[in-house]
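Remarks on the structure that follows.
2 protein chains.
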Amino acid sequence: MSGRTVTIAQVAKHAGVAVSTVSYVLSGKRTISADTRRRVLDSISALGYHPNAGARALASKRSNVIALVLPLRAGMHVPVLMRFASAVVTAARRFDHDVLLLTADEGTAGIRRVAASALVDALVLMDVELDDRRVPLLRELPEPSVLIGFPAEPAGLTCVDLDFAAAGARCVEHLAERGHEEIALLGAPSVVYERGTGFARRTREGFVEAVEAHGLKGVALPCEETFDEIYETVRDLLHDHPGLSGLVVHNEAAVGHVLAALRQLDRRVPHDVAVVAICPDDVAERASPPLTSVLIPAEEVGREAVRLVMEKLEGRVVPDSTLLAPLLAVRAST
Amino acid sequence: MSGRTVTIAQVAKHAGVAVSTVSYVLSGKRTISADTRRRVLDSISALGYHPNAGARALASKRSNVIALVLPLRAGMHVPVLMRFASAVVTAARRFDHDVLLLTADEGTAGIRRVAASALVDALVLMDVELDDRRVPLLRELPEPSVLIGFPAEPAGLTCVDLDFAAAGARCVEHLAERGHEEIALLGAPSVVYERGTGFARRTREGFVEAVEAHGLKGVALPCEETFDEIYETVRDLLHDHPGLSGLVVHNEAAVGHVLAALRQLDRRVPHDVAVVAICPDDVAERASPPLTSVLIPAEEVGREAVRLVMEKLEGRVVPDSTLLAPLLAVRAST
DNA sequence: GCCGGTCGTCGAAGCGCTTCGACACTCTCA
DNA sequence: TGAGAGTGTCGAAGCGCTTCGACGACCGGC
């Protein structure tokens, strides 16, 4: 409350102690008597003191900020990104860190800049691709980093993601349990497969393997995102595979259109065709009928990424690869 | 390239000048001879120098970081937020600033914290509500701020937004030009109106006034976001208003379901019912048929917000209120 | 009753940068 | 030809914090 910007020196004077004592109260790096601590803390709240971030970063060589690097490309799962982002922010705050948002606009230069200028202590990268330009840079950076997603060559990096192969397999298993014998996967748009985005391929692999393991008939198709294209895809699919009775949809933007197409084609869900989606919970719940789904645990992935990067900051060794187990929620569509 | 973390002193020595000279080359705050400047810049790139952000912030009292404060509530337009966010980041970089991401988790404490600790120089708040807890705090903060959206009492604040009233009116006008005489607005879920979110109400007001001005018949309804609810709403609407031939949809999440419901009810778009949406371009383009729409200019709003906050940082006076004109893109649905 | 240990606190030295005042030059114009 | 007005550069004083070494005060053990 006293004339703009309170410094640690003012707190020290107010409490009748040395500046360093106040610092130690705050950091807990040396023992301080209960009595002194009380007085210091009282002064801090009486004066409304907030340590100056720049000074702290300069003296301690820690900014207490981590970078969150967004992708910025067509076809990315925009709504999911926002949930990752806020999960990361929330998790970072628990470790007393803030989050700097970086887009890919600047390319790798932005990453280099914030790291070299000590603006951030560590990095979390979202939506990593198999062949990601940012990855080589990370290897040579002294700052620790964690990737959400898997590049082609993850050796020496720390990666977190939903276990998409297990998710694909889990959907197949669920449909098999329900007695379906011929099923299909509608995945990402073909451009996403071509770009080599990891999660799309891994889901498909998990799907294909599980289909074989369960002795089912199965087909995996890419899936565009406009209603007309989806309508055709679904129509042809049902036509070519008359025995088909189960559908796995791994494409958030297409889920609604797939259901609309089935309605149009007079197939009732789940009576004629059972549908399992891999998508965020809210999308599955809002659909009609509400979809049995494997949720994409954005919050958990974000939290885990932050936990790992903090461990690395502390100098601890962490596993290269963290795959989060899929969780299937049964709803009205199967 | 030389042993971890290059300082301005090393650059100065390498170039054979004083530290302050290097600083002035970088900031341009004093004239430096072309010759010296060259030498300094060469040394900078030879050594790979990046100024330490903490030291800079400490000495200059400017962190060159702005805070982007997200809302975090049910019913918010998640995908649009992401586009605002990346527009803000991109725009901030043009002013040589970075963006710190803040969620509402911490409430107003987070805003207070980053401002008081000088972590950020200024704030941009997204998705402001009519009655927003964060607003009173902003008034007492010395740091400049800009709001995206309008609170009930915007006096003394700087606000930017799409002119939703004009957008609502623009849609009506377009339908009137096409000869429609009885039209309806399907807006946000009722909870959003109750919360008093500005943009929903303003669109409705613009719609209602324009309907009167053009001597049309019109009705404005809230619109939930599940297919079944939307189906009922649309069915009842068409039943109660047999002459209705135009629909304005201002609800991104509902657009797909509205079209599916019309299909289901055997109404052809645009032949039986013309549809205009207020939504991001990509949603309008992906719909089937592609929708005539007033786009929500996320990029422009973000850019403008950053421009304004930078002006305020420079001490310049800016208008309290900036309304961005709506732009109608005609597509296949009208 | 003296010595070695803790414990709690202090003072001072930076961290890497910006900025202010000073100073040596070089022009210009009376 | 000399005063006055720029130019271009330097040195040093901070900015607010953390951290290191030092140093009393107090403790228990012999």
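Protein chains in written order, with the working numbering: chain Y, 1 to 334; chain A, 1001 to 1334.
We put the CB at the ideal spot given by N, CA and C, even for glycine.
Contact with chain Y is found for D1228 (chain A), since one of that chain's Cβ atoms lies less than 8 Å from the residue's Cβ. The C-beta of L1265 (chain A) comes no closer than 8 Å to any C-beta of chain Y. Around the Cβ of G198 (chain Y), a 10 Å sphere holds 16 or more other Cβ atoms; the residue is buried. Here the alpha carbon of E285 (chain Y) sits roughly 25 Å from the alpha carbon of L238 (chain Y).
Nearest CB-CB separation between E140 (chain Y) and chain A: not below the 8 Å threshold.
With fewer than 16 other Cβ atoms inside 10 Å of its own Cβ, P319 (chain Y) counts as exposed. With respect to V1276 (chain A), I1148 (chain A) sits apart: the two C-beta atoms are not nearer than 8 Å.
The contact set of P297 (chain Y) on chain A, defined by CB atoms closer than 9 Å, is empty, because the minimum CB distance reaches about 16 Å. When secondary structure is reduced to three states using DSSP, C171 (chain Y) falls in the helix class.
For the alpha helix (DSSP H) assignment, the uninterrupted runs of no fewer than 4 residues enclosed by the segment 195–282 of chain Y are, from N- to C-terminal side, 198–213, 227–240 and 255–264. Contact with chain Y is found for M1082 (chain A), since one of that chain's Cβ atoms lies less than 8 Å from the residue's Cβ. Residues of the segment 243–264 of chain Y with a C-beta less than 9 Å from any C-beta of chain A: A253, G256, H257, L259, A260, R263 and Q264, listed in chain order. Secondary structure at L313 (chain Y): helix, using DSSP grouped into helix, strand and coil.
In this structure, the alpha-carbon of L141 (chain Y) lies about 11 Å from that of R134 (chain Y). Three or more beta-carbon pairs separated by less than 8 Å link the segment 1249–1262 of chain A to the segment 1170–1189 of chain A, which places the two stretches in contact.
DSSP places T108 (chain Y) in the helix class (H, G or I) of the three-state scheme.
Straight-line measurement puts the Cα of V114 (chain Y) at about 12 Å from the Cα of R1093 (chain A). Chain-order list of chain A residues neighbouring T233 (chain Y): empty, with the shortest C-beta distance near 13 Å, by a criterion of under 7 Å. Between the segment 1006–1024 of chain A and the segment 119–136 of chain Y there are fewer than three inter-stretch CB-CB distances shorter than 8 Å, so the stretches are not counted as touching. Residue range S1321 to L1324 is occupied by the beta strand (DSSP E) that includes S1321 (chain A). Between L1102 (chain A) and L1081 (chain A), the CB-CB gap reaches or exceeds 8 Å. Per DSSP, the continuous beta strand (DSSP E) segment holding S293 (chain Y) begins and ends at T292 to V294. Counting along the chain, A1332 (chain A) sits inside no alpha helix (DSSP H), nor does DSSP assign it H or E at all. Listed along chain Y is no residue with a C-beta nearer than 8 Å to that of G1215 (chain A); the closest approach is about 35 Å.
From the listed residues Y:H97, Y:R39 and Y:V89, the smallest Cα separation to N64 (chain Y) is found for Y:H97. S1117 (chain A) sits close to A53 (chain Y), with the two beta carbons spaced by under 8 Å.
The Cβ-Cβ distance between A200 (chain Y) and A325 (chain Y) does not fall below 8 Å. The C-beta of E143 (chain Y) comes no closer than 8 Å to any C-beta of chain A. Across the structure, I1296 (chain A) and V1088 (chain A) are spaced so that their CA atoms are roughly 15 Å apart. By DSSP's assignment, A122 (chain Y) forms a beta bridge with Y:I66. Cβ neighbours of H1014 (chain A) within its own chain (closer than 8 Å, five residues either side excluded): S1043, A1046 and L1047. Against chain Y, a Cβ distance below 9 Å from L1291 (chain A) picks out nothing, because the smallest value is about 11 Å. DSSP places E1129 (chain A) in no alpha helix (DSSP H); its state is neither H nor E.
The beta carbon of R4 (chain Y) falls within 8 Å of a beta carbon belonging to chain A, placing the residue at that interface. Judged by DSSP secondary structure, V40 (chain Y) falls within the alpha helix (DSSP H) whose first and last residues are A34 to L47. Each of A:L1058, A:I1008 and A:E1304 was checked against the Cα of T1090 (chain A), and the nearest Cα belongs to A:E1304.
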